[in-house]
Structure formats: C-alpha cells, structure tokens
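In our numbering, the protein residues as written are -18 to 253. Every residue gets a Cβ at the ideal spot worked out from N, C-alpha and C, and that includes glycine. Computed from a predicted model, the values in this text were never measured in an experiment. Below you'll find the structure, written out as structure tokens, and then a few comments.
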Amino acid sequence: VGRAWAARLSVVAVDECDAVLCGGAYDDALTHGACELLSALPSTAQYLLSTAYLTLHHELALSRRFRQAVRVAEPTDAGKPTVMVPTLRQVFHYLGPGADRAAALLSALRAADADAWLCEGTTMVFCHPSSAVFVHTQLEAQMPHLAPALLILDQPRSVPAEAEDHSTVDAQGDQGSAVGAAHASSVADFVAGRARVLVCTAAAARGLDFPALRHVVLYDMPTDVAGFVHSAGRTARRGSRGLVTCLVQSEEEVGRFRDLHGLLPARALDFS
-18 VGRAWAARLS VVAVDECDAV LCGGAYDDAL THGACELLSA LPSTAQYLLS TAYLTLHHEL
42 ALSRRFRQAV RVAEPTDAGK PTVMVPTLRQ VFHYLGPGAD RAAALLSALR AADADAWLCE
102 GTTMVFCHPS SAVFVHTQLE AQMPHLAPAL LILDQPRSVP AEAEDHSTVD AQGDQGSAVG
162 AAHASSVADF VAGRARVLVC TAAAARGLDF PALRHVVLYD MPTDVAGFVH SAGRTARRGS
222 RGLVTCLVQS EEEVGRFRDL HGLLPARALD FS
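See below:
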C-alpha cells in the first residue's frame, strides 16, 4: 500500500537533506536507507532538497543521484552564495588557556539580560553532552531568575541494544520514557517562556523552531562548519534578528574558527 501511494507522488520535498540522505560529513555516497527510500519514489517526481549547509562530500553524493539538480542560493552583497543570514550578528569571545569558560558564559548571559532587546526573548546554550549538566547546574545557582531548562537528546545509551537480559532492556525502556517526558517538559517550558534559557546538546540544532529565540550561545564549539551553521541558525529565522555568542578557548579552536569566520558573510561582526 505504501509503495502504491508513493508511486503517485509528483513533488517530493526533503528538508535537512544532508541529515536525511547522506552519511557522515566525509561520506560521498548516500546511505543505504536513503537509496531504498528514493527507489520507492517515482523517478519522474520533482524533488526539492533543502539544507542550511552542504559539505563538498555531501554535495557530490547528492549531485550523483540528482544529476539534473539546479542549486539555488541567495547571493550576498558581494555576489557570493550566503551561508548565514545577514540579520544574524556573530560575537566570538576568544578565551585564553585555562580561562574559566563558565564565568565567560555567565558574563555573556548577564550582558544579554541587561540588553533591552535580548531580554525580551529566549536563549539556547549549546554544550557537549559531558558539560551540559554542569552548565545547567551553574545557571540554576547563579542566574535562577532565568529558570534554565535542560535538553540532552544525544546522550549515549547506558545499556547496549544487544543486551540479552530482557528485564534490563525493559527497565531501560521505562527509563527512556521518563527521560522523554522530561525532554517534552523542558521544551514546553521553553516555548511557553517559563524557562528563558534552554541548555541543550547538538541534536537540538535541527528540527526545532522557537519563535521567541533571539540568542544562541555556543559554550562548546561545534567541530565542523555544518554544526556551526545549524546551531547558530536556530535564531535569526524568517527575516528576524538574532545573536550568536561563541566561546572559543583552545589555540586550535582560535585558528580554526578564525578561518571558519571567513566563510560566514554575516554583518555587524564583533571580536572581543
């Protein structure tokens, strides 16, 4: 029944096509699951593929499958395709070796809290799963009026999927249901404005849209351009303004993100 229904489709839209169809950042072939999905769809359909950023490897993989695809991108004032929207302001804080990153985060959030425009919106703080709980605890203690919520979507499983003890797996399932309910509660509080800050991990960088979001803080910097684009792109959506604050600590990160910054033609940049 599913294949019969799919065969009647004339237009197919795939949002976040790099995540849906492609493998890792350096894979230049579509995944097996993506190939199976596309084989079930009519070859005569018109496809609309959208994403915030494509690595060269993903672009190669997609161009091999969709040989007649036409790339559409909004040009910047310089006439080059844009990566970040011009309404997004970017601030990079380069911290010295051994600097207290948590203190830098608190300083950035206090400054935002004193800003007449930013304080009217909400903030997402992106962290590595290993630091998210620490950051959330710090914000609860130091800035309780922000009522920070916690959303960890990409925590590794504590019980292997191949575990033979079914009672253990069942217990993990109950725990997973409880964690899922906690995640839903965090998102609901953030959407409703009861929580003004959402401490989250990289998995929240895709598929979530918060209209009141005006500020994104990258406490732990992403490891690639795509991660940066998707995280920063949670704000300044649909023509609205937004701010991304990046806390860059190691010497390696400084060099990498100074280079990365050249790829991002957003306006009103500020280095401090």
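Integer Cβ distance of residue i from residue j, believed to fall under 8 Å
i	j	result
cysteine 108	threonine 182	6 Å
phenylalanine 171	alanine 207	24 Å between Cβ atoms; not a contact.
glycine 102	leucine 189	Not really, about 15 Å apart at Cβ, beyond 8 Å.
leucine 228	leucine 76	6 Å
histidine 164	leucine 199	Actually they are not in contact, since the Cβ atoms of histidine 164 and leucine 199 sit about 21 Å apart, beyond 8 Å.
Cβ neighbour criterion (16 or more within 10 Å) applied to residue i
i	result
histidine 284	One cannot answer for residue 284 here, as it falls past the ends of the chain, which runs -18 to 253.
serine 167	buried
arginine 23	Residue identity differs from the one stated: residue 23 is proline in this sequence, not arginine. So proline 23 ends up on the exposed side.
leucine 29	exposed
phenylalanine 209	buried
glycine 161	exposed
alanine 113	buried
alanine 89	buried
glutamate 143	Per-residue confidence for glutamate 143 stands at a pLDDT of 35, beneath the threshold of 50, marking its modelled position as unreliable; no derived number is given.
arginine 45	exposed
valine 51	exposed
arginine 91	exposed
CA nearest to the CA of residue i, picked from the options
i	options	result
threonine 32	Pro192, Trp(-14) and Ala186	Ala186
serine 212	Asp81, Leu228, Leu11 and Ala184	Ala184
glutamate -3	Pro110, Leu(-10) and Ala15	Ala15
valine 72	Ser221, Val197 and Thr204	Val197
aspartate -1	Arg177, Val(-7), Thr12 and Ala(-12)	Thr12
valine 53	Arg45, Pro203 and Glu40	Glu40
alanine -13	Val1, Gly5 and Leu18	Leu18
phenylalanine 115	His38, Leu35 and Asp201	Asp201
alanine 84	Met105, Gln123 and Val(-8)	Gln123
cysteine 3	Leu37, Val(-7), Val(-8) and Ala(-15)	Leu37
valine -7	Phe47, Gly174 and Val106	Phe47
phenylalanine 191	Ala10, Ala173 and Ala6	Ala173
alanine 42	Val106, Val1 and Arg82	Val1
Check: residue i C-beta below 6 Å from any heavy atom of the ligand GTP
i	result
valine 198	Among the components of this structure there are no ligands whatsoever, and the ligand GTP is therefore not found.
Beta-carbon contacts of residue i that lie in its chain and below 7 Å, excluding the five residues immediately before and after
i	result
alanine 340	Here the chain has residues from -18 to 253 only, and residue 340 is not among them.
arginine 177	Thr103, Thr104, Leu127 and Ala128
leucine 35	Asp(-1)
Spatial neighbours of residue i in its chain, beta-carbon cut-off 6 Å, leaving aside the 5 residues before and after
i	result
valine 66	Ala217
alanine -15	none
Cβ shell of residue i (< 8 Å), same chain only, five flanking positions each side left out
i	result
serine 20	none
cysteine 100	Ala93 and Asp94
leucine -10	Leu22, Pro23 and Ala26
histidine 74	Ala85, Ala89, Thr226, Cys227, Leu228, Val229 and Ser253
Can at least three beta-carbon pairs, one atom from the region 115 to 130 and one from the region 213 to 225, be found at a separation below 8 Å? no
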